[in-house]
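Q: This is the structure, below, for whatever I ask next.
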Amino acid sequence: MASHRFRVVSGSENEAFCSKRAKICLGVFLGLLVLVAVAVVLGILLGRRSPKHQQWDGKGSTANFREIVLGRCYTYTQLVHPELSTDCRKIEKAFINAFISKDPCSATEEDYVPLLKLGDQTVPCDKTVFWSKTKELAHQYTWVQREMFTLENTLLGYIADDLSWCGDADSSEINHESCPSRRNCSSNFVSVFWNLLSKRFAENACGMVQVLLNGSISNAFDKNSTFGRVEVHSLQPTKVHTLQAWVVQDIGKTPRDTCSGSSLNDLKLILSRRNIKFTCQENYR
Amino acid sequence: MPLQPRAGGAAGAAPARWSGPGTVPQLQSVFLGRCAEFLALLRPELRDKNCTAIWEAFKVVLEKDPCSVLPSDYDLFINLSRHSIPRDKSLFWENNHLLVTSFAENGHRFVSLSNVLYGMVGDFLTWCRQKNDSGLDYQSCPTSEDCENNPVDSYWKSASVQYAKDSSGVIHVMLNGSEPTGAYPVKGFFADFEVPNLQKDKVTRIEIWVMHEIGGPKLESCGEGSVKILEERLEKMGFQYSCIDDYQAVASVQREVPSLYAGQSVSFIFPLLVALASVAQM
Chain A
1 MASHRFRVVS GSENEAFCSK RAKICLGVFL GLLVLVAVAV VLGILLGRRS PKHQQWDGKG
61 STANFREIVL GRCYTYTQLV HPELSTDCRK IEKAFINAFI SKDPCSATEE DYVPLLKLGD
121 QTVPCDKTVF WSKTKELAHQ YTWVQREMFT LENTLLGYIA DDLSWCGDAD SSEINHESCP
181 SRRNCSSNFV SVFWNLLSKR FAENACGMVQ VLLNGSISNA FDKNSTFGRV EVHSLQPTKV
241 HTLQAWVVQD IGKTPRDTCS GSSLNDLKLI LSRRNIKFTC QENYR
Chain B
1 MPLQPRAGGA AGAAPARWSG PGTVPQLQSV FLGRCAEFLA LLRPELRDKN CTAIWEAFKV
61 VLEKDPCSVL PSDYDLFINL SRHSIPRDKS LFWENNHLLV TSFAENGHRF VSLSNVLYGM
121 VGDFLTWCRQ KNDSGLDYQS CPTSEDCENN PVDSYWKSAS VQYAKDSSGV IHVMLNGSEP
181 TGAYPVKGFF ADFEVPNLQK DKVTRIEIWV MHEIGGPKLE SCGEGSVKIL EERLEKMGFQ
241 YSCIDDYQAV ASVQREVPSL YAGQSVSFIF PLLVALASVA QM
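Heads up: the protein sequence lines correspond to chains A and B, in order.
Residue numbering for the first sequence is 1 to 285, as defined by our numbering.
Residue numbering for the second sequence is 1 to 282, as defined by our numbering.
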């Protein structure tokens with residue numbers, strides 16, 4: 001059989017050559033298109049499957065967390081309390097190691113043991129000031145009464161105040177995008193830190209301690225606050241003989257709670273059961 | 001949390017060369033930490049600022065003879081760290097650093113020089129190179145008594161100029177009417193570097209507060225002594241001004257706390273809390 005008998009006769013020799021070339025070009029073009037499409041799809045899928053960090057409800061770790069921690073530690077140990085001898089590099093390292101490369105909902109007190117050991121600090125007797133819903137006022141107070149300490153006037157409290165931090169199980173990086181809120185999980189690294197530090201702060205207190213409470217809200221003493229949940233119950237009756245409460249109210253507004261209110265009564269009861277004397281003063285006349 | 005300096009330093013064996021305290025140890029870490037903190041917590045909208053670059057610009061003075069540092073040596077540092085100051089919030093002062101810091105509330109109520117980036121990084125710190133060596137001098141640093149062109153004074157001159165230039169609206173000045181050398185130092189940072197740089201087209205008026213120490217002498221008040229000199233100067237410059245003795249809001253912070261003016265008497269906690277609470281209402 002002659003193979004050439006079925007050769008298509010469509011115009012001139014040139015035209016046949018162009019269409020063949022065009023087909024090759026088209027084929028190559030289509031092939032490339034398919035390759036690109038596959039690459040894009042793969043990219044999307046892979047990108048989605050292993051995100052850099054997990055997404056949480058709370059705001060992410062504070063920008064430049066390490067620099068702030070180190071700077072604050074040096075400021076505190078050199079300018080605020082030079083009598084403390086602490087290696088700030090070790091503190092920074094212990095802080096980071098507490099939460100890095102770990103599931104941000106898996107925090108335990110053990111994670112912070114090395115940090116708390118390095119930052120161990122004794123507050124002198126009669127100088128401890130607790131606060132609940134009165135943070136700004138309490139800090140203004142200790143700013144002018146310089147020998148008094150709120151938690152944020154201790155080294156570790158000073159370093160961590162207003163900061164947020166968390167990591168990721170699959171990464172050795174700090175997660176700056178988001179961190180778990182208490183709603184996501186209660187055993188997040190920030191909550192566990194403050195609960196533990198508050199507990200130690202209260203355990204170490206001695207003599208007469210004070211608390212600033214907010215008389216402009218309905219429950220000046222809130223059983224669910226850190227003060228109510230952790231600090232009150234961590235006071236040591238062998239060391240603390242009196243808790244003096246100050247119930248302060250916004251000037252010019254009627255007080256919502258007072259020393260004779262029921263929440264303060266609850267506090268009085270808790271303390272009397274623990275053998276700690278309770279006194280209360282308010283500023284509303 | 002604002003920092004608060006404590007007295008005391010290292011006891012050195014050899015007599016110090018200069019009359020001021022030495023370079024603060026870990027200066028770079030403190031500087032970078034404060035810069036990072038300022039940008040992360042106080043003014044996050046300034047995220048284009050680069051703390052490393054700002055430090056690099058600052059540290060050129062650490063290579064210079066400690067008596068040859070001029071305010072202009074900080075030009076690049078200021079250039080990289082300057083930022084806008086909210087209108088009507090500027091608070092100038094003389095002889096009441098701690099009271100001003102307390103009253104300014106970390107930049108929330110007022111923005112003093114310690115609350116802008118180029119003032120905050122150096123607040124309460126000292127730094128200088130050694131006289132005859134390339135390292136930093138941790139033992140002592142020159143003050144104005146030793147030589148005029150020392151690193152710290154030149155820093156504050158440079159920062160003060162910029163702060164005044166960037167201030168707008170109502171300008172506030174807090175003076176100490178119990179200061180024996182005069183509430184308004186005619187030769188001082190405010191007089192020499194800030195007043196001359198207030199911008200006539202940006203400033204609406206100037207409000208002077210003359211505060212007196214609790215139980216302290218009322219050496220000068222509005223319209224008297226050096227305060228009068230300031231008032232006349234401002235008038236001559238064409239500024240509208242007013243003056244208040246013992247401005248109430250500041251007095252609330254000051255009340256019952258003589259320690260703010262370096263007195264050591266014990267205060268009653270309770271009235272203090274009332275005073276603080278009342279100020280918090282502003």
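Note that CB positions come from ideal geometry on N, CA and C, so glycine has one too.
Give the range of the alpha helix (DSSP H) segment to which SER252 of chain B is assigned.
A: Start and end: 248 to 254.
Q: Assuming SER167 of chain B contacts ILE78 of chain B under a Cβ cut-off of 8 Å, what Cβ separation, rounded to an integer in Å, is found between them?
A: Wrong, their Cβ atoms sit about 15 Å apart, outside the cutoff.
Q: In chain order, what are the residue ranges of uninterrupted alpha helix (DSSP H) at least 4 long that sit wholly in the segment 43 to 116 of chain A?
A: Entirely contained in the segment 43 to 116 of chain A, the alpha helix (DSSP H) runs reaching 4 residues are, in chain order, 65 to 75, 88 to 99.
Q: Check each candidate in B:SER178, B:LEU198, B:ASP65 and name the one with the smallest Cα separation from GLY169 of chain B.
A: Closest by alpha carbon: B:LEU198.
Q: Suppose you measure from the CA of ASN204 of chain A to the CA of MET148 of chain A; what does that come to, to the nearest Å?
A: ASN204 of chain A and MET148 of chain A: Cα-Cα distance of roughly 14 Å.
Q: Near SER225 of chain A, which residues of its chain fall below 8 Å by C-beta distance, leaving aside the five closest residues on each side in sequence?
A: Excluding residues within five positions, the ones whose Cβ falls inside 8 Å are SER132, LYS133.
Q: Nearest-angstrom Cα distance between LYS239 of chain A and LEU39 of chain B?
A: Straight-line Cα distance between these residues: approximately 42 Å.
Q: As an exercise, report each continuous alpha helix (DSSP H) stretch of at least 4 residues that is fully enclosed by the segment 91 to 135 of chain B, in chain order.
A: DSSP runs (the alpha helix (DSSP H)) wholly in the segment 91 to 135 of chain B: 97 to 104, 117 to 120.
Q: What first and last residue would you give for the alpha helix (DSSP H) that runs through ASN50 of chain B?
A: ASN50 of chain B -> no alpha helix (DSSP H), and no H or E assigned at all.
Q: Alpha carbon to alpha carbon, how far is LEU197 of chain A from GLY228 of chain A? Give it in angstroms, no decimals.
A: The straight-line gap from Cα to Cα measures roughly 15 Å.
Q: Between GLN281 of chain A and SER178 of chain A, is the Cβ-Cβ spacing less than 7 Å?
A: No.
Q: Examine chain A for any beta-carbon lying closer than 7 Å to the beta-carbon of LEU40 of chain B, and answer yes or no.
A: Note that residue 40 of chain B is Ala in the sequence shown here, rather than Leu. At least one chain A Cβ lies under 7 Å of ALA40 of chain B.
Q: Does the Cβ of CYS206 of chain A have 16 or more other Cβ atoms within 10 Å, making it buried, or fewer, making it exposed?
A: Answer is buried; the Cβ neighbour count reaches 16.
Q: Just how far apart, CA to CA, sit ASN188 of chain A and ASN97 of chain A?
A: Taking the straight line joining both Cα atoms gives about 15 Å.
Q: Are the segment 110 to 130 of chain A and the segment 61 to 68 of chain B touching by the rule of at least three beta carbon pairs closer than 8 Å?
A: Flag = no, the segment 110 to 130 of chain A and the segment 61 to 68 of chain B do not touch.
Q: Which of the residues in the segment 97 to 108 of chain B, read from start to end, lie with their CB under 7 Å from any CB of chain A?
A: Those would be SER102, in chain order.
Q: With DSSP as the reference, identify every bridge partner of PRO21 of chain B, one or two as the case may be.
A: B:SER140, per the DSSP bridge assignment.
Q: Exposed or buried, which one is SER252 of chain B when buried takes at least 16 other CB atoms within 10 Å?
A: So SER252 of chain B ends up on the buried side.
Q: DSSP on CYS259 of chain A, reduced to helix/strand/coil?
A: Residue state, collapsed to three classes: coil.
Q: Check the Cβ-Cβ distances between ASP87 of chain A and every residue of chain B, and say whether any is below 7 Å.
A: So no, ASP87 of chain A is outside the interface.
Q: Check whether the segment 229 to 243 of chain B touches the segment 180 to 196 of chain B, counting contact only when three or more Cβ pairs, one atom from each stretch, lie closer than 8 Å.
A: Output reads yes: the segment 180 to 196 of chain B touches the segment 229 to 243 of chain B.
Q: Can you give me the C-alpha to C-alpha distance between SER262 of chain A and LEU125 of chain B, rounded to a whole angstrom?
A: Each residue's Cα considered, the two are about 49 Å apart.
Q: Among the candidates B:ALA16, B:PRO25, B:SER160, B:LEU46, whose CA atom is the shortest distance from the CA of TYR74 of chain B?
A: For TYR74 of chain B, the nearest C-alpha among the options comes from B:SER160.
Q: Quick one: what does DSSP say TYR184 of chain B is sitting in, helix, strand or coil?
A: It is coil, neither helix nor strand.
Q: Tell me the DSSP bridge mates of LEU175 of chain B?
A: Per DSSP, B:VAL210.
Q: Which partner residues does GLY169 of chain B have in the DSSP bridge list?
A: GLY169 of chain B pairs with B:VAL203.
Q: Leaving aside the five residues before and after SER191 of chain A along the sequence, list all residues of the same chain whose C-beta is less than 7 Å from its C-beta, in chain order.
A: If we look at SER191 of chain A and ignore the five residues flanking it on each side, its Cβ neighbours are ARG182.
Q: For SER178 of chain B and TYR241 of chain B, I'd like the C-alpha separation in whole angstroms.
A: For SER178 of chain B and TYR241 of chain B, the distance between alpha carbons rounds to 22 Å.
Q: Tell me whether SER102 of chain B is buried or exposed, calling it buried when 16 or more other Cβ atoms sit within 10 Å of its Cβ.
A: Buried is the call here.
Q: Could you work out which residue in B:GLY216, B:ASP192, B:SER226 is closest to ILE208 of chain B when comparing CA atoms only?
A: Comparing Cα-Cα distances from ILE208 of chain B to each of B:GLY216, B:ASP192, B:SER226, the minimum goes to B:SER226.
Q: Which residue wins for smallest C-alpha separation from LEU70 of chain B, given the options B:VAL116, B:ASN95, B:TRP156?
A: Measuring from the Cα of LEU70 of chain B, the nearest candidate turns out to be B:TRP156.
Q: Against PHE124 of chain B, what residues of chain A qualify as contacts under a CB-to-CB distance less than 7 Å, listed in chain order?
A: Under the 7 Å cutoff, chain A gives LEU79.
Q: Name the chain A residues that come within less than 9 Å of VAL116 of chain B, Cβ to Cβ?
A: Residues of chain A passing the Cβ test: none, with the nearest at roughly 18 Å.
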